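Trainee: Anchor point for the sequence shown: position 196 equals 196 in the UniProt record's numbering, and the numbering is continuous, going up by one each time.
Every residue, glycine too, gets a C-beta built ideally from N, C-alpha and C.
Note that the coordinates shown come from a computational prediction; the quantities given were computed from them, not determined experimentally.
Just dropping this structure here.
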Amino acid sequence: MKSTIQNTMGWASCPGARALLVAMLVSWPSVSWAHPGGADAGFLKGLFHPVFGADHLLAMVSVGVVSSQLGGKHLLRIPATFVAAMLVGGLLGMARWPMRLGELCIAASVAALGLGIVTTTRGSSPFLLSGCVAMFGVFHGHAHGLEMPHAVSPALYAMGFLLSTTVLHLCGLVLGELAAGRESLSRGLRYAGAAVMGTGMVLLVRGAGI
């Protein structure tokens with residue numbers, strides 16, 4: 001319990017985390033008061049697109065969970081890698097750059113990140129996970145970019161899905177930190193990871209038409 005509180009306080013004291021929280025709080029009123037149509041429509045479409053897709057939602061929360069399980073400097077490094085890669089993928093999608101098997105790779109990311117929740121510990125090597133997160137981020141971003149409405153501002157749309165992704169990562173981080181040091185919660189989180197992995201496998205099989 002004590003170590004969990006210390007880890008959480010250490011994360012909250014990180015300048016990058018504080019800046020991220022401030023940015024979220026500043027942007028929240030514009031999200032709450034935005035109305036359909038006009039410039040806000042592009043921001044809102046980007047904001048809600050990751051939330052209403054089960055594959056995107058599960059993958060992005062899972063990134064936060066595995067980041068917490070790795071701990072230390074990876075608390076923010078892994079999510080930041082995903083967000084940066086997703087921005088690149090989003091730009092490629094907006095430019096209509098073709099990516100074959102994109103939906104299958106997104107389904108595979110859900111399965112792989114679910115497996116990551118089951119197997120990742122403080123002593124796990126971050127290199128394979130970082131590489132997978134970067135690759136998956138590109139495919140998720142590409143899917144967001146492809147679905148960008150033509151009538152909205154690309155910058156506002158990108159800002160929306162990047163903010164939404166960051167919030168989902170933070171949700172995963174909170175879940176991981178709450179489970180840290182608590183055997184029953186940690187076990188339950190790994191069971192949840194197995195369920196995420198199973199969901200990813202189902203999506204993969206359905207996407208492949210098997």
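1. Expressed to the nearest angstrom, what Euclidean distance is found between the alpha-carbon atoms of G145 and L168?
2. Between which two residues does the alpha helix (DSSP H) holding M99 run?
3. Measuring CB to CB, does L128 end up less than 9 Å from V196?
4. Relative to the C-alpha of G116, which candidate in Q69, A208, A143 and A80 has its C-alpha closest?
5. When the Cα of A208 is compared with those of A107, G193 and G131, which residue comes out closest?
6. Can you list, in chain order, the residues of its chain with a C-beta nearer than 6 Å to that of L189? Leave out the 5 residues immediately preceding and following it.
7. Which of the three DSSP states, helix, strand or coil, is assigned to P79?
8. Which residues in the same chain as C132 place their Cβ atom closer than 7 Å to its Cβ, once the five residues preceding and following it in sequence are excluded?
9. Give the range of the alpha helix (DSSP H) segment to which F139 is assigned.
10. From L201 to H142, what does the alpha carbon distance come to, in whole angstroms?
11. Within its chain, find whatever has a CB closer than 6 Å to the CB of V65; leave out the 5 residues flanking it on each side and keep chain order.
12. Within 10 Å of its beta-carbon, does V26 have 16 or more other beta-carbons around it, so buried, or fewer, so exposed?
13. Do we get a CB-CB distance below 9 Å when we pair H74 with the residues of chain C?
14. Take the Cβ of L42 as the centre, count every other Cβ of all protein chains shown within 10 Å, and call the residue buried at 16 or more, exposed below.
15. Go ahead and label G198 buried or exposed: buried means 16 or more other beta carbons lie within 10 angstroms of its beta carbon, across all protein chains shown.
16. Would you give the residue range spanned by the alpha helix (DSSP H) that P154 belongs to?
17. Would the beta-carbon of K45 fall within 9 Å of that of P149?
18. Quick check: does the Cβ of L92 come within less than 8 Å of any heavy atom belonging to the ligand ZN?
19. Is it buried or exposed, T120, if we count other Cβ atoms within 10 angstroms and call 16 or more buried?
20. On the criterion of 16 or more Cβ atoms from any shown chain inside 10 Å, does V152 qualify as buried, or is it exposed?
21. Write down the C-beta distance between L162 and V110 rounded to the nearest angstrom, noting that I regard them as a contact closer than 8 Å.
22. When we look at the beta-carbon of L204 and count the other beta-carbons within 10 Å, is it buried (16 or more) or exposed?
23. Any idea what DSSP makes of R206, helix, strand or coil?
Mentor: The answer reads as follows:
1. Cα atoms of G145 and L168: separation of roughly 18 Å, rounded to the nearest angstrom.
2. No alpha helix (DSSP H) holds M99; DSSP gives it neither H nor E.
3. Their beta carbons are not under 9 Å apart, which means L128 does not touch V196 by this criterion.
4. With distances taken between Cα atoms, G116 lies closest to Q69.
5. Ranked by Cα distance from A208, the first of A107, G193 and G131 is A107.
6. The answer, listed in chain order, is A179.
7. Helix.
8. These residues qualify, in order along the chain: A112.
9. Counting along the chain, F139 sits inside the alpha helix (DSSP H) bounded by residues P126 to L146.
10. It should be pointed out that residue 201 corresponds to Met in this sequence rather than to Leu. Taking the straight line from one Cα to the other gives about 21 Å.
11. Within the same chain, V65 has close Cβ partners I117, G172, L175 and G176.
12. For V26, the predicted structure reports a pLDDT of 37, less than 50, and the residue's modelled location is therefore unreliable. The matter cannot be settled from this model.
13. The chain inventory of the structure shown lacks chain C, comprising one protein chain alone.
14. First, the amino acid is wrong: residue 42 is Gly here, not Leu. The residue is buried, with at least 16 neighbouring Cβ atoms inside 10 Å.
15. Under this definition G198 is an exposed residue.
16. Looking at the DSSP string, the run of the alpha helix (DSSP H) that includes P154 is P154 to A179.
17. In this structure, P149 lies closer than 9 Å to K45 by Cβ.
18. In the structure on display, the ligand ZN does not appear, and there are no ligands present to speak of.
19. Taking every protein chain shown into account, the CB of T120 has 16 or more other CB atoms within 10 angstroms, so this residue is buried.
20. By the neighbour-count rule (16 or more Cβ atoms within 10 Å), V152 is buried.
21. Under the criterion of beta carbons closer than 8 Å, L162 and V110 do not qualify as touching, at roughly 20 Å.
22. Taking all protein chains in view, the Cβ of L204 is crowded by 16 or more other Cβ atoms within 10 Å, so the residue is classified as buried.
23. Here R206 sits in helix by DSSP.
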